Structure formats: C-alpha cells, structure tokens
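Novice:
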Amino acid sequence: MSSVSSAPSAPGTAARPVVELRDIRKSYGDLLVNDGVDLSLEEGEVHAVLGENGAGKTTLMRILYGLTRPDSGEIRVAGEPVTIATPKDAIAHGIGMVTQHFALVKPMTVTENVVLSEIGLGRVNLATARRKVLEAADRIGVAVDPDARVGSLSIGEQQRVEILKALYNDCRVLILDEPTAVLVPQDVDALFATVHRLTEQGMAVLFISHKLHEVSANSTRVSVLRRGRIVETMPTGNADPRALAELMVGRPTLGVRRADAPVAADPELALAEPTGTTSEPPPAKDVVLQLEEVSLGGSGTRLTLDGVSLSVRSGEIVGVAGVSGNGQRELVDVLCGMAAPIAGRVTVGGTDITGRGPRDVMNAGLGRIPEDRHGSVVGELSVEHNLVIEDLDSYRRGPFLDRRRVRAHAEALIERFSIKAKPTDPIGSLSGGNMQKVLLARVLSRDPRAVVVAQPSRGLDVGATEFVHRELLDRRAAGAAVLLVSEDLEELLALADRLVVMFEGRIVGEVPIAEATPARLGLLMAGEAA
Amino acid sequence: MRLALRGTAPRWLTPVLLLITVVVTFAITAGPIRAAGAAPGAAYERYVLTPLSSPASFYEVLLAATPLLFTGLAVAIAFRSGYYNIGAEGQFLAGAMGATAVALAWPDLPRGIALPVAFVAGAAGGALWALIPALLRVKLDIDEVVTTLLLNPVALLLLQGMLNGPWRNPVNQFPESQAFSGSYVLPSVIPGARVHLGFVIALALAVLAWLVISRTATGLRMRAVGLAAPAARFSGVSVQRTLLGSALASGAIAGLGGMSQVCGLQGQLTGEISSNFGYTGIVVATLGGLTALGVVLVAVLLADITVGAESAARVLQLPPQMGQVLTAVLLLVTVSLLVFRRYRLVLRPSRPPASTRQPSTPTAEHAGVSP
Amino acid sequence: MIDILALIGAMLVAATPLIYAATGEVLTERAGILNLGIEGTMYAGAFSGFLVAAKTGSPWLGLAAALVLGVVAGALMGLLVVTLGVNQHVAGIGTTLLLIGASEFTNRLLYGGGALVQIDKFGLLFPDVPVLGQYVLTYVALIVVVPFVWWLLRATGFGLRVRAVGENPEAADAAGISVARTRYAALMGGGALMAAGGAFLTLAVVGTFTLNISNGRGWVCIALVIFARWRVWPAVLGALLFAGVDALQLQLVITPAFSGIPRELMLALPYLVVIAALAASGRGLVYPGAYLKPYRRA
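Residue numbers (our numbering), protein chains in the order written: chain A, 400 to 929; chain B, 32 to 402; chain C, 8 to 305.
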C-alpha cells in the first residue's frame, strides 16, 4: 500500500486525501473524548485543528500516530484502510508526529536521536546518518549541528530535531501537537517557515492549536473540534476569527450561579447581550489577596509568569480564564507556596507571603485547592488524616495525635460536606467528586479569609459540581476573597464577579462579568487583543 | 501477557499471596534440600518448628532475633519516610564502636551509669554514621542509597583499624578488644539463658516505633513524606526535616543494635561483631511490611530459621547456609508476589469490541471520575 | 624501598576483577538499573568458576560456567526489577544474599569443612617479564572487553538502545525499542562480566575458593561506576587507582617509614573519595535519567 497508486489522477485541482480519519470514537470510562470524528488531510495542505482543552484534539492525533487505540473507526492512508497500532506502524505508513512533550534522549547527540527509531543491534553508521541529518535539515532550511547534545539545545532547536526525526523516516504526513505552546515568538516564526517549506514539497501537515492568530496566518484549512466532535471544517481564508472563537468555545449553559448574575429566560441571550442592570457595583471592600508584578522563571529564558498583578477583595470572586498552559498553573503554584517567584510581591490580608512555604501561606489565612487533586492529598492515608495534615499541631495531645478529636473532626466534615466515605477510607479510593469535597472541607474548615481554587469541577458529575459551586458562593457571601482559576467558561461566568484572562504568562485583559461574552473572552484567550 | 494497574486490592488477596509465597518458597528450596540428602519436610520442621519446641532453643531464637530487631526497625523507620537507608550495617558497627569506646575509656563506672552511657554512645555512633548521607540527601539531593551503602565497608575498615591499632588486646595481641568490665555487660533477662537486656530494649523500641509511627503527628508526617513527598510538602510538612529526622533515628537504632551486641552477647568488640545484620535488616523490614509488629514477627522468624539451620546441620547434615538461602528466597518471592497487590496479570491486552459505543453524556448518578 | 615494577604488576592483578565487574555495572546502570546484585554475582561467579574448574580440570570451562551463571543472575534481576518492577535496592540486596548463600551452601555440601581444593589455575603470560607477566584474563579485560563495551555503548545500535532506555524509556518506546528486552540484555551481559570478575579471583589469583572471597569488591564497583560518571574508561582508571592503593599499602606495611599509616585507612580511601566526589559534584551529578525507575507503558 505504501506506493502511491498510479491510477490516473486528475492533474491540478482535485487534491486526493493522503490520510482520512473516519468516525473515530474513543472514550475513557464515562468520558467520551472523540465522538465520531471525520477528518481528511490533503497533499500540500496545512490543516489546523482548533479546539479548547479537553476537546479531544490530542487524543485524535495520538490515535493517528498509534499511541492510543480508538474504540472504533477507520484510518485510511492513500485511500486504503490501515491498522495503526503502534508508532512503528504509523512511521511505516509515512506518518510522523511531534508530541507536546518531546520524545528525545537528552544526553545523546542529534544524530543519535534521529536514527534511534531505525537502528538494529550492530554497528551504526553514524557518518552516513549524520549526512542524512544534514540533508534533511537543509531540506527544511534550518541549521542544525548533528553532533550537539540534544539536552544542550534550546526548546525550539529540540523541536526541529523532532521534525528531523520524522523527515528521516520519510514521512509524508506530519502531525504537530500544540507546536507553539513551548516556543518563544522567534522560534514560532521559524517553525512556520519550516512548515511552509515542507508543504511546498508536497507534504501534508496537521497542526493542533488553540491560538487563533496562528491558525489564521498559517493554515490552509481549519477544523474546529468541540467536545469530541468536528463542528466545522472550512478553508481558513473564509474564516472570521470571531466566528472561529465562538465555534471553539461554544455557548455556555447555566448551572449554579451568583444570585446577581444576569439571568434571562433565554440564557444565550443573557450572555450575548448582557443586561448589566442587576449588577450594581459592590460596595468597595478591603483587598485581601494581592499580587504585584509577580514573575516566575520557566525553562530557558521564557517566563511562565510575567509581571502578573491582580487583587481580590473580600466578598468577591475573581475568575482567571485562559487556555491551559498560559501560566495559570504556575500562578496557583505561587499562591500555594509551592513555587517562589523571581520578582514581585504576594500578600494575604496584609501579610507578605512572597516566596514563603505552604505553612506560612496557610497561616496567613489562604486556603488552597489546586487543580491536581491527587497531588494535594496523600492517597494512601485515610480521609481523617488527610483532613488534619495541614494543621497537625492543633490535633495533638502531648506527643500524641488526639485520635478522638481527629475522628470527630472528620465525622463532622463528612456530615457537613456530605462526603460519601468513612473517616478511615484511604482517600485515594474516593471518587473525584468526594475527593474534591474532602479538599474543600479541609480548606474551608479553617475558615480562610482568602481561597485560591483551580478547576474545581473538572471531572466531577453534575451534583458534585453544584455542591462545590455553592460552597464557593457561600464563602464569598461570608466575606472571603476567592480566586477561581478555570478553563470552563460556563463556570467562570456563573460564579465570578470579574474575569481576568491570562495568555502567555500575562494578564491580557480584565472583563467585568456583565461584558463577558464567549466571543470576547475567546479572542482574549487566543491572544487577540479585544 | 502484561501487568495492569489495579484499583484497590481485594481483601482476600494479601492472605492468599502470603500462602502462595510460603508454597513457592518451599518449592524452590526443596530442590537444594533434597540435593543435600535431606527430606524437605523434615528440614522445614527443623527450620521452623524445632527451635520453638523447647524453652532453651526458644531463648536462643530470641537471642538471635535481637540484632535483627534493631536493624529491622532501623530500616523500617527510614524506608517508611522514603529514605532508603542501605547503611544499617555500617551504623550497627559504628554503634558497637561507640559503646566500645566508652567501655574502654571509663571501665570503672558503676553499672547504673555505665550502661546508660554505653547506650547513648551506641545511639550516637549510629546516628553519626548516618549523618553524612542524610545531610547530602537533604542539602544536595544526593541519592542516599549509594552513600549509605559505601559507608558500610568504611565502618568495617574503621573497626578493623581500631582492633589492629589502639584497641588491640594487650594481653594476647589478638585483633579484638579487651573484655569489658562487668558494669558494661547487659544482664541476662532469663536465668540460665543467654537472652539479655538488649532483647527487651529492642522490644521496647519496637513499641516506641509503633507508637511514633501510628499515634503521633511526627509519625503521620513521616508516613506522608514516604508515601507522597510532594503532597506532604503541599500540606506544609517539612520534607527535609522529616527525612533528616528519620535518617538519624534509623542510624541511632541500628547503632543501639551494635551496642546491644557488643555489650550483650560478646562483652568485647571483635571483627565478627556483625554477620550481615544490617543487610538482613533490609530483609526483615521489607518482609515485615515496614511495620513494627511485622519487624518483630519477621525478626523472630528469621532467627528461628537461623537457629533451626544450625540444628538441621547437626541432625540432618544440611549445611547451615541453607538458612540464608531460605531467607533470601523468601524475600525475593515475597517482594515479587506483593507486586500483584498493585497490578493484576492481564493475559491479552484489553481492547473493547469495535462496536462499543458509550452514551455521549455521563449519567449524573455516577460519581464523576477524572480520566 | 618500593619496587615500582612489582607494584604495577600487583596493581594490574588487583584491578582486573574490578575492571570486569565495574564494566558490567556500567552496562546495567546505563540501562537505568542499579544492580546491587553485583556483590553476589561476583561471589557466585568466583564459586561456580572454581567448582567447574575443580570438576573438569579446566579453568576455561570454569570461566564459561561463571559466565553462564552471570547471565542467569542478570536474568533474575531482570525478572525482579524489569518484569515485576520490584524496588531495585531490595531486589539487588536480596539477589546478593541469595547468591552468596547458595554458593556457600553448595561449597559446604560438596567440600564440607575439609581441606581446600586446589585447582589448575590460569597461568601467567610472559611469567618472567615484570609488569607484563599477567594473567591472560587481564589482557583480555584491557584489550578486548573494555574496548568492546566502550564501542558497544558508543557506536552500535545495541548501545544506543541501552542508553536510550536508561535515559528516557518513554522516548525509546516511542521509537519502537523494547525497553524490557534491552534492559534484560544489559543485565545479562553485565551479569556475565561481574561473574567473570569474580571468577578471576578463584581461577587466576587464589586457585581455590575461600569464604568471603569477593570481600565487598562489588560495592567498590558501585562506587567506581558513579565516580566514573557511568563511563567505561574512567571506571577502569578508578579500578586501577583503587588497586594501586591496595597494592601500595601492602608494600607500605613492610616499609618502615610508612608502617605508621594504618592500612585500613588507605583501604577506606577509595570509598571516602567517591563520597567526597559525590558531595563535591552535588547537584551537578547527572544520573542516568531513568535510574532506579521501573518502566511501564502508560
């Protein structure tokens, strides 16, 4: 099948698909990630797949490259149905992929990395390989030192090595998974120059992105993926960025929300045309949580947080919107006391907690519920122990833990937060919703004056989501300052009083909730100034 | 065939695995026992049951268990906190040297003072020997496995150097210390038997270790650090202080083992003070599931096998080294089978039938699970 | 006076077992596995070599037996740490205890407590020439084995695979390399070298088997490999240094001017040097990326 069919193909216009995906379905447990996806890729085109996080983009690409097996569906290469069970199969069919996390062996040289997928056991002719690497580099117009150790290269250079690996295997289809997420702007330009050279040579490139301007500037066709389905495929030339943003984000529906959140008979209308009448400006209260020009180093020269300033007042929920990977996680890490900023100042209720550890942060009155639930609890310890571990010294009697009080504390919280677990259950055995409730209980039982919470409802069912939302609103009513980081616009719009949008480590905009429309937020999140 | 992660192990699994462990261990060791001309059944009876059948031999078992109790507890405490102390052997020797140093320096102290001083010196010797690897781990993030391991031969060489040098027996010029004065000798606790106070100290330490690990805030911190250091750090636990504390406690306990051996059984320091007690402590701790009770049971079991191996050598002409083989096989089989508590064997890679389709919305009743 | 030539000759003899075993350990650690079974593998290699040589009268057959034993010991480690994912230190210590116990058991069974059995041991090449008068296995180590392993790791597909699985098994897997098979191969090859190092002690140096014959040389090799930063030739250099100190102290003991220095101190030096080197390199020390980590596909 590998030879291109010699059947007479109409010269010129009618481009044949080199790869087709038909009705691809994939689910993890109850979570349907790809829901009957059809996608085709033509020779010489740059086909962008646009979608939010969790839309199923990466899973789809992993299926095409043999890293993930679909539940059902068909892959065709040059019109023939094929089975792609491993990356080796994909390579044999001329498909190459650059994953988000590079599959590179850092202490090895560029050449060694490139030949890794095709070596036998015996002597490796590194001289020949080296020459082929240089030829491939020449083909895409980049300079690469074949003898350099990969670990000593910049991220952009490492990405080039990944592309060279694919070219070395004679791929005709190249998949780039969020290729610009890790790059500095100069490297982004170089990357797209490379992509254009490749497509001029007849190669097909499939690239995943959530950044509108990249898609608009660099693709020939674009498919928008939302909740596991392709909602639209069109030539990029015809696509209006605003329309794409709305397609990508979709229209929110409503769940638990602030009492004063705009409500109308038709929720779509309410958001599209904000009423604004009910949202009286809240009486100015004290700023409780404040960040001033906070910066955090990342890998290489790129800052993961770049001069972030924001403040949250008592009785206010401030939402942080953004596509993941734009610094939200690092922002939460800084607030949780898990990362020390290189510049700036963080205060909670006037106490400076800049660069302090988790204990000081908690003592200053900040409650923390980060996105990684499993990383915030000790899975093999019991629920009751996880509930007190942040505050062990308060549960001591002499040198011993006061087991009766620990148990009573757990039982009271289990009751109040309707957690479906016994105090002695290992917390790792709990469902996501119950684990989240334990985390909430742990934080809220200490009556924090400020709370930072990230992706609070991710992976939760409807009931648990509502519960979590109600608790956060209760905290707000009780006068706490809440910073809510979420990729779920629906959640942000329902809970927050104000929204800030993060993009590439900076806060690129602040939107009063009354003016927040999906289109406007989508543009900000995609890096387009609104 | 492959291993797949399982959720929680069913309750029946652990006892079943232990049963399989015993069966497999016996099956593997039956070959060499037969080759040595003995009936496996009779041999196992000698190894396991005979030592427990008379008070005299049972006391010998308790005596043999004493050093293993110390090293097993030492290793268990360190491993519990995620500190992989492979250096109990060296810490044991350092503790023996610490006790010897005070015993030789102040031979005339009355017993009421001498023994506590030797006790402190033994613990200090062990802790000191554990200090450098612990600091390297905490301050510079240098893997403690290799540094603790490498200090074992250094301790042995130091011991030999002392015995060949300043501590050489002035009477007979043998490379062994003078006999300690009587005030430094741990008294026997059972009239007529060799079991000495060291055994009682070890048991008390086991109880203390159990109390600390399962009943105190410190113990909870240790467990949290050992199970999930990043989560412990997130919860405000000082990972470094916890690691340093357990490393030093571990060294001190191993050092007390050396003190107990030198003041209890031998009454003098010799080059053969430890027969791999530190390494066997790793076996004891691992087989004991890193719990105090487990350590006590396994230490007694291994001592039982050691004493039994000697009796099997006399009666069945089975080389006594069979005891060591049995112990090692038991360890390897156990750790291998314990893997199945976390993984299950899958005979074919699972792949749902191609027609499987999930409803597109998860039911609200079902507790949400993140992928 | 110190006899320099005799010193170098003694150094080469003492270094040979370390060179074999450390080279083997480099191979396994480059694949991401700390093989603490090294001490037991050397011990059992020494014994099995002795046993077969005693039964057949041929040191070569003894060596072959040791090699086979080393491969089996490596496979056992593989079963434990690669297939089952058992904690590497526990598996290694357990393997060492098992191999030492099994060797001593068999020794006791066959030879009881009786007189030492002398075997036909390897002869010296150029026995009358100072320094060059060495066992053939020493020449094999320096001229064949070490250059071969160096070349293997550096310039062959196998070596590239070993390094890839030791550094980044995910990437190796994505490139279609079997992580498990490669690690097994490294463990088995490394085990053979460790056993050969042990066998050198009985088949060449001592000519019989005595208890405690490897005497912690395996742990020395663990130190040397880190000291050498997982490279073959620096490990050889380290082995020569260690052996040189060992040989020197034997001479110094009989040299009045130096008899005041305890030989134990000099013997402890290599360990202390390695620990100091670890401390000095601090966070700069780069372990193989997948050191101590079992690999299971996500």
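Note that the Cβ used here is the ideal one computed from N, Cα and C, for glycine as well.
Bear in mind that the values here come from a model prediction, so they are computed numbers and not experimental data.
1. With distances taken from CA atoms, which of Ala73/B, Ala255/B, Gly223/B is nearest Ser387/A?
2. Distance check for Tyr302/C and Ser749/A, CA to CA, integer angstroms please.
3. Using the beta-carbon of each residue, which ones in chain A are nearer than 8 Å to Thr301/B?
4. For Ser306/B, count the other beta carbons within 10 Å of its own beta carbon; 16 or more makes it buried, fewer makes it exposed. Which is it?
5. In terms of DSSP beta bridges, what is Ile906/A paired with?
6. Could you list the residues in the stretch 212 to 240 of chain C with a C-beta less than 8 Å from some C-beta on chain B, going in chain order?
7. At 9 Å on the CB atoms, spell out the chain A contacts of Ala263/B, in chain order.
8. Give, in chain order, every residue of the stretch 736 to 762 of chain A whose Cβ lies closer than 9 Å to some Cβ of chain B.
9. Taking Cβ positions, are Ala51/C and Leu210/C nearer each other than 8 Å?
10. With C-beta atoms as the reference, is Leu566/A less than 8 Å away from Phe606/A?
11. Below 8 Å on the Cβ atoms is my contact criterion, and I expect Ala616/A with Gly540/A to pass it. Report the Cβ-Cβ distance as a whole number of Å.
12. Could you please give me the residues that DSSP links to Met936/A through a beta bridge?
13. Buried or exposed for Pro384/B, please, with buried defined as at least 16 other CB atoms from any protein chain shown within 10 angstroms of its CB.
14. For Glu692/A and Gly85/C, what's the separation of their Cα atoms in angstroms?
15. Three-state secondary structure (DSSP) at His227/B?
16. Got a sec: which bits of the stretch 175 to 201 of chain C sit with their beta carbon under 8 Å from any beta carbon on chain A, in order along the chain?
17. From the beta carbon of Gly39/C, is the nearest beta carbon of chain B less than 8 Å away?
18. Note the first and the last residue of the continuous beta strand (DSSP E) segment covering Ala742/A.
19. Determine whether the beta carbon atoms of Leu463/A and Leu420/A lie at a separation below 8 Å.
20. Determine the direct distance from the alpha carbon of Val231/B to that of Asn42/C, and round the result to whole angstroms.
21. Select from Pro269/C, Pro134/C, Val293/C the residue whose C-alpha is nearest the C-alpha of Phe234/C.
22. Might you give, ordered along the chain, the residues of its own chain that have their beta carbon closer than 6 Å to the beta carbon of Ala330/B, omitting 5 neighbours on each side?
23. Under 8 Å between the Cβ atoms of Ala340/B and Tyr90/B?
24. Taking DSSP as the reference, what is the three-state secondary structure of Val79/B?
25. Alpha carbon to alpha carbon, what distance is there between Gly108/C and Gln348/B?
26. Cutting at 6 Å between CB atoms, please list the residues of its own chain near Ala154/B, excluding the five before and the five after it.
27. Please look up how many angstroms separate the CB atoms of Ile494/A and Val436/A, rounded, as I've assumed it's under 8 Å.
28. Hey, how far is the Cα of Arg874/A from the Cα of Arg845/A?
29. Among the residues of its own chain, which have a CB less than 7 Å from the CB of Leu218/C, if the five just before and after it don't count?
30. So Pro469/A packs on Lys425/A, CB below 8 Å; how close in whole Å?
31. Go through its chain and collect everything with a Cβ distance to Asp824/A's Cβ below 7 Å, but skip five positions before and after it.
32. Give the secondary structure of Asn433/A by DSSP, where H, G and I count as helix, E and B as strand, and everything else as coil.
33. At what residues does the beta strand (DSSP E) containing Tyr427/A begin and finish?
34. Do three or more CB pairs link the stretch 317 to 335 of chain B to the stretch 167 to 177 of chain B at distances below 8 Å?
35. Given a threshold of 16 other Cβ atoms within 10 Å of its Cβ, counted over all protein chains shown, does Ile144/B qualify as buried or as exposed?
36. Could you name each continuous alpha helix (DSSP H) segment of 4 residues or more that falls completely within the stretch 177 to 250 of chain C, going from the start of the chain to the end?
Specialist: Put simply:
1. Residue 387/A is absent from the structure shown; chain A starts at 400 and stops at 929.
2. The displayed chain sequence assigns Gly, not Ser, to residue 749/A. Here the C-alpha atom of Gly749/A lies approximately 47 Å from the C-alpha atom of Tyr302/C.
3. Those within 8 Å of Thr301/B in chain A number zero; the least Cβ separation is about 39 Å.
4. It counts as exposed.
5. Paired residue(s): Met901/A.
6. Against chain B - using a Cβ distance shorter than 8 Å - the residues of the stretch 212 to 240 of chain C are Gly223, Trp226, Val227, Ile229, Ala230, Ile233.
7. Within chain A, the residues placing a beta-carbon under 9 Å from that of Ala263/B are Val777, Ile788, ordered along the chain.
8. Flagged, chain order: Gly736, Met737, Gly756, Pro757, Arg758, Asp759, Val760, Met761, Asn762.
9. One thing to note: Ala51/C has its Cβ no nearer than 8 Å to the Cβ of Leu210/C.
10. No. Outside cutoff.
11. Gly540/A and Ala616/A do not touch by the CB rule: their CB atoms are close to 19 Å apart, not below 8 Å.
12. It is not possible to answer for residue 936/A, since the shown part of chain A is limited to 400 through 929.
13. Residue confidence is low: Pro384/B scores 35 on pLDDT, short of 50, so the model does not pin down where it sits. No coordinate-derived value is stated.
14. Spanning the two alpha carbons is a distance of roughly 52 Å.
15. The answer is strand: DSSP assigns His227/B an E or B state.
16. Listed by position along the chain: Asn175, Glu177, Ala178, Ala179, Ala181, Ala182, Gly183, Ile184.
17. Taking Cβ atoms only, chain B never reaches closer than 8 Å to Gly39/C, which makes this a no.
18. In the DSSP annotation of this structure, the continuous segment of the beta strand (DSSP E) that includes Ala742/A starts and ends at 742 to 747.
19. Against a cut-off of 8 Å, the Cβ pair of Leu420/A and Leu463/A comes out as a contact.
20. Distance between the alpha carbons of Asn42/C and Val231/B is about 37 Å.
21. For Phe234/C, the closest C-alpha among the options Pro269/C, Pro134/C, Val293/C is that of Val293/C.
22. Cβ contact annotation for Ala330/B (same chain, cutoff 6 Å, sequence separation greater than five): Ala96, Leu99, Leu100, Gly103, Val315, in chain order.
23. No, they are not a contact pair.
24. DSSP places Val79/B within a helical segment (H, G or I) once states are collapsed to three.
25. Those two C-alpha atoms are separated by around 16 Å.
26. Take Ala154/B, set aside five residues on each side of it, and the residues of its chain with a beta-carbon closer than 6 Å to its own are Ala283, Gly286, Leu287, in chain order.
27. That pair is no contact at about 16 Å.
28. Approximately 12 Å between the Cα atoms of the pair.
29. Spatial neighbours of Leu218/C in its own chain (CB-CB distance under 7 Å, excluding positions within 5 residues in sequence) are listed in chain order as Glu111.
30. With a Cβ gap of about 5 Å, Pro469/A and Lys425/A count as contacting.
31. The answer, listed in chain order, is Ser781, Val782.
32. Reduced to three states, the DSSP call for Asn433/A is strand.
33. Its beta strand (DSSP E) spans residues 416 to 427.
34. No, the stretch 317 to 335 of chain B is not in contact with the stretch 167 to 177 of chain B.
35. Classification for Ile144/B: exposed.
36. The stretch 177 to 250 of chain C contains these whole alpha helix (DSSP H) runs: 186 to 207, 224 to 234.
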